[in-house]
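Student:
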Amino acid sequence: MKIANNILFLLLLFYFLFRNCLLRKVVQSTLLFNFTLIDGNGGNPRPNCGLIINDKGKIYNTRPQNATHMDILLSFALYGGITSIRDMGGDVPFLLPYVSLGFLPKIPYPRIYYSCLIGGPDFMLDPRVQQAAHGTVPGTTGWLRSITNTTDIPAAIKSAVDIGVTGIKIYADLDKNLTVAITKEAKKQGLRIWAHSAIFPTKPSEEVAAGIEVLSHTAYFVFESYDPMPQSYKVRFNGDYVNHSYNSQNITNLLQMIKQADVILDATVYVFTEPDSIRTNSYFSMFRSSASTASHNNDLDFPRIGQQWIFNVTRNAHELGIRICAGTDDLGSSELGDKFPNIHKEIELFVHECGFSPLEAITSVTKTASQAIGIDKYYGTIEPGKVADLVILYDDPSINITNTRKIYSVIKQGIFYTIPNQTL
């Protein structure tokens, strides 16, 4: 079968991310992986382990790797058109072996650009953070950092730089003054600045003023209209989308501020709005639980109202000219029955619900996505001197955005990965 119009489209897809090998900092750490750990205390041998040893000899992590699951997941991502991933989960020890492999052209993994997760002391009690600490005290490492008014912020940021992160992800429980101080120091040390669009108690507009470069989740913009701003991030799912209009003056002013500061919006509309998202049902149950505080009678209507609010604000942001990148917060998995990564659903929602043209949606997942990671000097567009990350499609996605699913071959760093069992 002949490829329609022989169009090559680069899909450097954004999921939530370590710099190009040319940009990577020299880190005085030793990475070991895929070895068997013999437990000197009499425990059973632990195969497929990985660990990090810093320049002072401290072991940060020893853990078994679920290599089969990760191989399936990362291959699923690459063959689905994803050549780069922005990870903001703060579990660097788990990711590092796959980071190293992903930067090799002949390994069928995307490149992974990872982050240091930053929050206040209360956030470090989150079970997800406890798990990512891998036996360390949560909030004391280069990948998980708790910040207070007494923290040596330059030293904290340097610890993140020393393990090779691309950026910091500011998550929750930090006031605006700490947000400003963290952002200023991270930029000084050459890191990208990523954050939830509401940090609690810091408002979205205060984040923009602080210098955040990428804001994640349109859904949390609703808290810009709150006075006072909630103090705890635990209420982030309880936004009142009924009494705080998507086109209120507060939201309009926020979008204009984002546009003026040239901040990128990582909208993540799919994960908050689609029933098949692994997280949507839990989000909607929380939306319903907060319906009584929204002063309306139909609880079942609340998820739909929240959905439309997210679509409308994302559409307004796009019409205003704000740079929007495609991210999901939910990669998808062939082991869960997904045929393609959910990034395809994200850009389809951009077109069908948020006013994007197909080419604008493709830009969100290529050029703008690479800008969000900070790798646009080498990736994101087809230009002389840039790395060859492309997909070859059977049909033209500028006519129908769902054609991004019709993949013949993916090219990562000049190496072809043809989809199994497909012929021209």
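With UniProt numbering, the residue at position 330 of the sequence shown is 330, and numbering never jumps.
Even for Gly, the Cβ is constructed at its ideal location relative to N, Cα and C.
With His344 as the anchor, note down where its alpha helix (DSSP H) starts and where it stops.
Tutor: Translated into the one-based positions of the sequence shown, residue 344 becomes position 344. Looking at the DSSP string, the run of the alpha helix (DSSP H) that includes His344 is Ile343 to Glu353.
Student: For Ser84, decide whether its Cβ has a neighbour in chain C, counting only Cβ atoms nearer than 7 Å.
Tutor: Annotation note: the requested chain C is absent from the structure, which comprises a single protein chain.
Student: Counting only runs of 4+ residues fully inside the region 92-157, write out the alpha helix (DSSP H) ranges in chain order.
Tutor: If we require 4 residues or more, the alpha helix (DSSP H) runs fully inside the region 92-157 come out as 92-102 and 127-132.
Student: Between Ala388, Tyr226, Tyr241 and Val313, which has its C-alpha nearest Ala267's C-alpha?
Tutor: Translated into positions along the sequence shown, residue 267 becomes position 267. Residue Val313 is the option with its Cα nearest to Ala267.
Student: Rounding to the nearest angstrom, what Cα-Cα distance links Ile392 and Leu336 in this structure?
Tutor: Here residue 392 is taken as the residue at index 392 of the sequence shown, counted from 1. Here residue 336 is taken as the residue at index 336 of the sequence shown, counted from 1. Cα-Cα distance, rounded: 26 Å.
Student: By a C-beta neighbour count over all protein chains shown, 10 Å radius and 16 as the cutoff for buried, is Gln371 buried or exposed?
Tutor: Translated into the one-based positions of the sequence shown, residue 371 becomes position 371. Counting Cβ neighbours within 10 Å, Gln371 comes out buried, since at least 16 surround it.
Student: Ignore the nearest five residues each way along the sequence and tell me which others in Cys325's own chain have a CB closer than 6 Å to its CB.
Tutor: Your numbering for residue 325 matches position 325 in the sequence shown. Closer than 6 Å at the Cβ level, and outside the excluded window around Cys325, lie Phe14, Ile264, Asp266, Ser364, Thr368, Ala369 and Ala372.
Student: Where does Ala359 fall in DSSP's three states?
Tutor: For the purposes of this step, residue 359 is identified with residue 359 of the sequence shown, where counting begins at 1. Contrary to the premise, residue 359 reads as Leu rather than Ala in this sequence. Reduced to three states, the DSSP call for Leu359 is helix.
Student: Buried or exposed, going by whether 16 or more other CB atoms sit within 10 Å of the CB of Phe416?
Tutor: On the sequence shown, position 416 is the one that residue 416 refers to. Phe416 comes out exposed.
Student: So Phe272 and His318 are supposed to be a Cβ contact under 8 Å. How far apart are they, rounded?
Tutor: Here residue 272 is taken as the residue at index 272 of the sequence shown, counted from 1. Here residue 318 is taken as the residue at index 318 of the sequence shown, counted from 1. In fact, because the Cβ distance is near 16 Å, the residues do not count as touching under 8 Å.
Student: Quick one: using the 10 Å Cβ neighbour count with 16 as the cut-off for buried, is Ile382 buried or exposed?
Tutor: Looking up residue 382 in the sequence shown gives position 382. Ile382 comes out exposed.
Student: In the structure shown, what three-state DSSP assignment does Leu191 receive?
Tutor: By 1-based counting over the sequence shown, the position of residue 191 is 191. Three-state result, Leu191: coil.
Student: Nearest CA to the CA of Phe340: which residue from Asp71, Phe76 and Ala361?
Tutor: The sequence position of residue 340 within the sequence shown is 340, counting from 1. Of Asp71, Phe76 and Ala361, the residue nearest in Cα terms is Phe76.
Student: By alpha-carbon positions, which one of Thr402, Pro108, Phe123 and Lys184 ends up nearest to Ile343?
Tutor: Counting from 1 along the sequence shown, the entry for residue 343 is found at position 343. Ranking the options by Cα distance to Ile343, first place goes to Thr402.
Student: Which value, in whole angstroms, describes the spacing of the CA atoms of Val27 and Gly164?
Tutor: For the purposes of this step, residue 27 is identified with residue 27 of the sequence shown, where counting begins at 1. For the purposes of this step, residue 164 is identified with residue 164 of the sequence shown, where counting begins at 1. Legend: pLDDT at Val27 = 41, less than 50; position of this residue unreliable, value from coordinates given subsequently. Their backbone Cα atoms lie some 7 Å apart in a straight line.
Student: Going by DSSP, name the residue or residues bridged to Cys172.
Tutor: Taking the sequence shown and counting its residues from 1, one reaches residue 172 at position 172. With the sequence shown as reference, residue 172 is identified as Ala, and Cys is not the correct amino acid for it. According to DSSP, which records beta bridges pairwise, Ala172 is partnered with Gly119.
Student: Do you know offhand how far Ile362's Cα is from Glu346's?
Tutor: Here the question's residue 362 lines up with position 362 in the sequence shown. Here the question's residue 346 lines up with position 346 in the sequence shown. If you take the alpha carbons of Ile362 and Glu346, they lie about 11 Å apart.
Student: Could you please give the first and the last residue of the uninterrupted beta strand (DSSP E) stretch that includes Lys412?
Tutor: The count along the sequence shown starts at 1 and reaches residue 412 at position 412. Looking at the DSSP string, the run of the beta strand (DSSP E) that includes Lys412 is Ile407 to Lys412.
Student: Classify Gly306 as helix, strand or coil using the three-state DSSP reduction.
Tutor: For the purposes of this step, residue 306 is taken as residue 306 along the sequence shown, with counting starting at 1. In this structure, Gly306 counts as helix in the three-state DSSP scheme.
Student: Should Arg128 go down as buried or exposed, given a rule of 16 or more other Cβ atoms within 10 Å for buried?
Tutor: The residue you call residue 128 lines up with position 128 of the sequence shown. By the 10 Å Cβ count, Arg128 comes out exposed.
Student: With distances taken Cα to Cα, identify the nearest neighbour of Leu390 among Thr83, Thr328, Ile72 and Thr136.
Tutor: Locating residue 390 in the sequence shown gives position 390, counting from the first residue. For Leu390, the nearest C-alpha among the options comes from Thr83.
Student: With which residues is Gly167 paired in a DSSP beta bridge?
Tutor: Stepping through the sequence shown from its first residue, residue 167 is reached at position 167. Beta-bridge pairing links Gly167 to Ser115 and Arg192.
Student: Give the range of the beta strand (DSSP E) segment to which Tyr220 is assigned.
Tutor: Sequence index remark: in the sequence shown, residue 220 carries index 220 (1-based). Neither: Tyr220 is in no beta strand (DSSP E) and is coded neither H nor E.
Student: Give the range of the beta strand (DSSP E) segment to which Phe416 is assigned.
Tutor: On the sequence shown, position 416 is the one that residue 416 refers to. Note, Phe416: beta strand (DSSP E), Ile415 to Thr418.
Student: Would you kindly work out how many angstroms separate the C-alpha atoms of Lys188 and Ala181, rounded to a whole number?
Tutor: To locate residue 188, count along the sequence shown from 1; it is residue 188. To locate residue 181, count along the sequence shown from 1; it is residue 181. Distance between the alpha carbons of Lys188 and Ala181: 11 Å.
Student: Helix, strand or coil for Arg315, going by three-state DSSP, please let me know.
Tutor: Working through the sequence shown from its first residue, we reach residue 315 at position 315. Looking at Arg315 - three-state DSSP - the assignment turns out to be helix.
Student: For Leu78, which beta-bridge partners are listed by DSSP?
Tutor: Along the sequence shown, one-based indexing puts residue 78 at 78. None; Leu78 has no bridge partner.
Student: What are the start and end residues of the alpha helix (DSSP H) that includes Leu331?
Tutor: As a working mapping, residue 331 is identified with position 331 in the sequence shown. Note, Leu331: premise wrong, no alpha helix (DSSP H); not H, not E.
Student: Kindly indicate the opening and closing residues of the beta strand (DSSP E) around Ser216.
Tutor: As a first step, residue 216 is located in the sequence shown; it is residue number 216 there, counting from the start. That run of the beta strand (DSSP E) goes Val214 to Ser216.
Student: Exposed or buried, what is Thr404 when buried is set at 16 or more other beta-carbons lying within 10 Å of its beta-carbon?
Tutor: Working through the sequence shown from its first residue, we reach residue 404 at position 404. Under this definition Thr404 is a buried residue.
Student: Between Gly142 and Ala160, is the Cβ-Cβ spacing less than 7 Å?
Tutor: The count along the sequence shown starts at 1 and reaches residue 142 at position 142. The count along the sequence shown starts at 1 and reaches residue 160 at position 160. Yes, the Cβ-Cβ distance between Gly142 and Ala160 is below 7 Å.
Student: In whole angstroms, give me the CA-to-CA distance for Leu104 and Ser333.
Tutor: Residue 104 sits at position 104 when you count from the first residue of the sequence shown. Residue 333 sits at position 333 when you count from the first residue of the sequence shown. Roughly 22 Å between the two C-alpha positions.
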